[in-house]
Amino acid sequence: MAYEAKLKPTDKSVIEFIEDIESKNKKADAYRLLEIYKEVTGMEPVMWGPSIIGYGKYKYTYASGHSGEANWAGFSPRKTAHTIYFSLEEDRKEELLTKLGKHRVSKACLYINKLADIDEEILKQIIKESMDFVEKHYPTTR
1 MAYEAKLKPT DKSVIEFIED IESKNKKADA YRLLEIYKEV TGMEPVMWGP
51 SIIGYGKYKY TYASGHSGEA NWAGFSPRKT AHTIYFSLEE DRKEELLTKL
101 GKHRVSKACL YINKLADIDE EILKQIIKES MDFVEKHYPT TR
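Residue numbers 1 to 142, in the numbering used here, belong to the letters of the sequence shown in order.
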């Protein structure tokens with residue numbers, strides 16, 4: 001049986017998705033993130049799966065041979081925190097995250113409760129440098 005990726009571009013409206021967010025503050029932050037990503041990426045947003053707002057795409061192949069496509073840059077306005085997807089070299093990651101403000105982080109996800117807690121200029125830098133990192137390592141398309 002062939003593997004079919006669950007994370008792929010859909011025809012769902014980004015605006016309709018954001019309008020369905022119950023929290024007024026989360027919704028306002030999601031709209032602000034749209035502005036930030038538009039400024040940094042120069043691309044239009046596309047829904048990836050049911051809850052990720054993505055920009056562009058890239059193809060990857062793991063050492064195991066598994067390959068697929070993912071959004072080049074993106075975020076998801078989740079109930080508990082906004083999830084920002086990113087990839088950076090470890091030393092640069094540490095340097096930028098110390099300047100960002102209040103957040104949590106995992107290997108490839110940045111969790112922000114509200115945009116008022118962070119420095120938006122540092123977030124823009126993280127998005128830009130993450131896109132540069134992905135472009136350096138994988139074939140990308142806008």
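Quick reminder that beta carbons are idealized off the backbone N, C-alpha and C, glycines included.
Given the structure is predicted, the values throughout are model-derived calculations rather than measurements.
Asked, Found
"By how many angstroms is the C-alpha of V40 removed from the C-alpha of H103?", "20 Å"
"S67 by DSSP, collapsed to three states: which one?", "strand"
"Where do the ends of the alpha helix (DSSP H) carrying I18 lie?", "14-19"
"Using C-beta distances below 7 Å, list every residue in its chain close to T141, excluding the 5 sequence neighbours before and after it, in chain order.", "G56, K57"
"For S76, report the span of its alpha helix (DSSP H) as first-last.", "Looking at the DSSP string, S76 is not in any alpha helix (DSSP H); the run it does join, the beta strand (DSSP E), is 73-77."
"Kindly give me the distance between the Cβ atoms of I52 and L123, rounded to whole angstroms, as I take these residues to be in contact under 8 Å.", "Not confirmed; about 17 Å, so no contact."
"Kindly indicate which residue of A73, M47, K26 has the alpha-carbon position closest to the one of V14.", "M47"
"Using a Cβ distance threshold of 8 Å, determine whether the stretch 124-131 contacts the stretch 68-88, with at least three qualifying pairs required.", "yes"
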